[in-house]
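**Q**
Residue numbers (the UniProt record's numbering): 1 to 261.
In structure tokens, the structure reads:
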């Protein structure tokens, strides 16, 4: 078995979309899983609650408050994502276990052979680049107001810093806002990465299937004892037929010992 999505498990754990102990055996492990989930949900729900109080006390009209309401939407979406993962966590583990046990890594032995390496690399690179981009965007969203404040000495315009002008309260609000946006970036980013990476891997499985089907005749000959070198002369027609027909993986004209029982 192969773990095709190991690169997104740690980000999912950080945002409580994946248990730190997926199969807890002791009460301490169950306690840690539940406490961490509660902490993440508290951090994500605190800002919308604070914004609701702020809008209630400072309300003028819908248009003047539209930007503040828009700031709250990613937080609500993140709460929904984390809650969704918490509710359907067992289904998530079942899906990942199914992939590890049933996804094939090699095509059946034929004249041309293929592995899942291409689609795995594409899924892994997409996950890492997309995660880095989301983390960069939320970091800039949080730090730019503070950088402008330190540079221009003007008050911070964000409602998050209302009535906060002195240390250490300024630093505390900044850290709270940064942690919140960090969870938002991971929740929304990894939700997309999980489904996109799985889609890429499924396409890789289709590539393996197509390669195996194109090589059915050669697979049968090899299984009957025909030497690979004797079939090598027919490679030109098959490789020409396979050119540009695969999505992520690449078929190679090399011998393989792998076959399906």
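All C-beta atoms, glycine included, are put in the ideal place defined by N, C-alpha and C.
With DSSP run on the structure shown, which of helix, strand or coil describes residue 131?
**A** Here residue 131 is taken as the residue at index 131 of the chain shown, counted from 1. It is helical.
**Q** Cα-Cα, which of 106, 70, 63 and 135 is closest to residue 187?
**A** Position 187 of the chain shown, counted from the start, is the residue given in the question as residue 187. Checking every option, the nearest Cα to that of residue 187 belongs to 135.
**Q** Let me know the secondary structure DSSP gives residue 139 once reduced to three states.
**A** Taking the first residue of the chain shown as position 1, residue 139 is located at position 139. Of the three classes helix, strand and coil, the one that applies to residue 139 here is helix, per DSSP.
**Q** In its own chain, which residues sit with a C-beta less than 7 angstroms from the C-beta of residue 43, not counting the 5 before and 5 after it?
**A** Along the chain shown, read from residue 1 onward, the residue named residue 43 stands at position 43. So the list reads 179, 180 and 183, once near-sequence residues are dropped.
**Q** Pairs of beta-carbons, one from the region 216-229 and one from the region 103-122, closer than 8 angstroms: are there three or more?
**A** Contact holds: three or more Cβ-Cβ distances are below 8 angstroms.
**Q** At the level of alpha carbons, what is the spacing between residue 41 and residue 17?
**A** Stepping through the chain shown from its first residue, residue 41 is reached at position 41. Stepping through the chain shown from its first residue, residue 17 is reached at position 17. Roughly 11 angstroms between the two C-alpha positions.
**Q** Among the residues of its own chain, which have a CB less than 6 angstroms from the CB of residue 246, if the five just before and after it don't count?
**A** Here the question's residue 246 lines up with position 246 in the chain shown. Counting only Cβ-Cβ distances below 6 angstroms, and skipping sequence neighbours, we find 207.
**Q** What is the DSSP secondary structure of residue 190, counted as helix, strand or coil?
**A** Mapped onto the chain shown, residue 190 falls at position 190. Correct three-state label for residue 190: helix.
**Q** Going residue by residue through the region 167-216, where are the continuous beta strand (DSSP E) segments of at least 3 residues, counting only ones entirely within it?
**A** Counting whole runs of 3 or more residues, the region 167-216 contains no beta strand (DSSP E) stretch at all.
**Q** Leaving out five residues on either side along the sequence, give the residues of the same chain with a beta carbon under 6 angstroms from the beta carbon of residue 204.
**A** Numbered from its first residue, the chain shown carries residue 204 at position 204. These residues qualify, in order along the chain: 116, 119, 248 and 249.
**Q** Let's see if you can read the secondary structure: which residues bound the alpha helix (DSSP H) around residue 72?
**A** Position 72 of the chain shown, counting from 1, holds the residue named residue 72. Looking at the DSSP string, the run of the alpha helix (DSSP H) that includes residue 72 is 66-87.
**Q** Applying the 10 Å Cβ sphere with the 16-neighbour rule, what's the burial state of residue 217?
**A** For the purposes of this step, residue 217 is identified with residue 217 of the chain shown, where counting begins at 1. It is exposed - the Cβ of residue 217 has fewer than 16 other Cβ atoms within 10 Å.
**Q** Please classify residue 230: is it buried, with 16 or more other beta-carbons within 10 angstroms of its beta-carbon, or exposed?
**A** Here residue 230 is taken as the residue at index 230 of the chain shown, counted from 1. By the 10 Å Cβ count, residue 230 comes out exposed.
**Q** Does residue 227 come within less than 8 angstroms of chain B when only Cβ atoms are used?
**A** The chain inventory of the structure shown lacks chain B, comprising one protein chain alone.
**Q** Among the residues of its own chain, which have a CB less than 7 angstroms from the CB of residue 11, if the five just before and after it don't count?
**A** Counting from one through the chain shown, the residue named residue 11 turns up at place 11. Here the set comprises 131, 186 and 190.
**Q** Looking only at DSSP bridge pairs, what is residue 106 linked to?
**A** As a working mapping, residue 106 is identified with position 106 in the chain shown. Bridge partners of residue 106: 115.
**Q** Quick one: what does DSSP say residue 252 is sitting in, helix, strand or coil?
**A** Position 252 of the chain shown, counted from the start, is the residue given in the question as residue 252. The answer is strand: DSSP assigns residue 252 an E or B state.
**Q** Cα-Cα, which of 210, 85 and 176 is closest to residue 142?
**A** Counting from 1 along the chain shown, the entry for residue 142 is found at position 142. Answer by Cα proximity: 176.
**Q** Skipping 5 residues on each side, what residues in its chain have a beta carbon closer than 6 angstroms to that of residue 265?
**A** Shown here, the chain extends from 1 to 261; a query on residue 265 therefore has no answer.
**Q** Would a C-beta distance cut-off of 8 angstroms place residue 200 and residue 251 closer than the cut-off?
**A** Position 200 of the chain shown holds residue 200. Position 251 of the chain shown holds residue 251. No, these two residues do not count as a Cβ contact at 8 angstroms.
**Q** Between the C-alpha atoms of residue 3 and residue 93, what's the straight-line distance to the nearest angstrom?
**A** Within the chain shown, residue 3 is the residue found at index 3, counting from 1. Within the chain shown, residue 93 is the residue found at index 93, counting from 1. C-alpha separation (whole angstroms): 12 angstroms.
**Q** Specify the secondary structure class of residue 226 as computed by DSSP and reduced to three states.
**A** By one-based count along the chain shown, residue 226 stands at place 226. Looking at residue 226 - three-state DSSP - the assignment turns out to be coil, as it is neither helix nor strand.
**Q** Along the chain, where does the alpha helix (DSSP H) containing residue 31 start, and where does it finish?
**A** Here residue 31 refers to the residue found at position 31 of the chain shown. Here the alpha helix (DSSP H) through residue 31 covers 27-58.
**Q** When the Cα of residue 174 is compared with those of 46, 146, 80 and 152, which residue comes out closest?
**A** By 1-based counting over the chain shown, the position of residue 174 is 174. Checking every option, the nearest Cα to that of residue 174 belongs to 146.
**Q** Do you know offhand how far residue 80's Cα is from residue 48's?
**A** On the chain shown, residue 80 is found 80 positions in, with the first residue counted as 1. On the chain shown, residue 48 is found 48 positions in, with the first residue counted as 1. Whole-angstrom Cα-Cα distance: 13 angstroms.
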